[in-house]
Structure formats: C-alpha cells, structure tokens
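So that you can map any letter, position 16 of the sequence shown is 184 in our numbering, and since no number is skipped, the others follow by simple counting. Glycine included, C-beta positions come from ideal geometry on N, C-alpha and C. Scroll down for the structure; my scribbles are underneath it.
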Amino acid sequence: LSKFLQHYFTKQTSLLIHDSSYGFGFIHRLDVASSGLVLIALTMEGLLALQWQKSLYLIGRDYVVVSYDLEVGGQRRCIDAKVAVPRAKVTRTLTEDRGLPASSHVLTQAHLHGGDLAS
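Structure, rendered in structure tokens:
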C-alpha cells in the first residue's frame with residue numbers, strides 16, 4: 169500500500185508518505201476484522217492530529233447497512249457492548265465483559281417492499 173501511495177504522492181507533494189521512520193504516514197488500520205479501513209496522513213500536522221484522536225478514542229465511523237427483515241421501529245436505537253479481540257484470532261471481534269466500550273447507533277432510513285423485477 170505504501171508503494172501505491174508513493175506512486176501518487178511525490179516527495180514534493182508528501183514527504184511523509186516516503187519516510188519509513190514515520191510509518192509512511194500510516195496511522196492505523198481500523199476494523200481489521202471487516203472492511204479494513206486505513207487512516208493515512210499526508211502531512212506531519214495530519215499525522216499528529218490523527219494519532220492524538222486515535223489515542224483518545226475520538227475517531228468515529230459511519231456505516232450504511234442494507235438488510236432484510238431487520239425491524240427497529242423507525243426510531244433511533246443504541247446498542248452498547250464491550251468489544252474485545254481474542255489473541256488467538258485477530259480477525260474476530262467478540263462482545264464480552266473484559267472488552268472496551270463500543271456503541272452502535274441504528275436508525276431505519278427506509279422500508280423497501282418487493283416488487284416484480286421483470287416488469
């Protein structure tokens with residue numbers, strides 16, 4: 169991934185992407201078990217700002233989920249659980265008492281009803 173970014177960002181554009189002592193600008197890979205979103209900084213200011221936010225658990229993510237037969241009554245719901253990653257399987261996230269606090273907010277945006285796709 170660093171080689172890919174270095175192809176698009178020259179040293180004149182972003183020296184940080186070419187510097188191994190700062191991890192080529194990589195801050196963190198979020199959600200390793202699912203999408204693997206990646207945080208990358210192009211400047212030293214951006215690197216420090218993102219590292220600070222990460223250290224204080226201030227980084228949030230929004231997802232859009234399309235599901236079938238999930239009814240939440242059209243109201244906002246919050247799912248609170250403690251989440252942990254077992255040492256044996258880092259590709260898996262579990263809810264358990266020893267985990268860190270995590271919240272998911274659910275809001276139904278639309279109800280779609282089936283129709284005839286052939287017409």
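| Query | Result |
| --- | --- |
| Burial state of S182, where buried means 16 or more other Cβ atoms lie within 10 Å | buried |
| Span separating the alpha-carbon of I247 from that of A270 | 8 Å |
| Rounded straight-line distance, which links the Cα of G214 to that of I208 | 9 Å |
| Identity of the residues DSSP links to F194 by a beta bridge | I208 |
| First through last residue of the alpha helix (DSSP H) which encompasses L173 | 170-176 |
| CA-to-CA distance, I185 to D230, given in whole angstroms | 26 Å |
| Neighbourhood of D265 by C-beta, 7 Å cutoff - its chain only, sequence neighbours within 5 removed | K250 |
| Per-residue burial, L218 [other beta carbons within 10 Å of its own, 16 or more giving buried] | buried |
| For H196, the nearest candidate out of F177, R245, Y225, T276 (CA to CA) | Y225 |
| Residue nearest to T211 in terms of C-alpha spacing, selected from S223, Y190, K222, L205 | Y190 |
| Nearest candidate by alpha-carbon position, reference L205, set L169, K179, S272, Q277 | L169 |
| Buried or exposed (CB count within 10 angstroms, at least 16 for buried), G228 | exposed |
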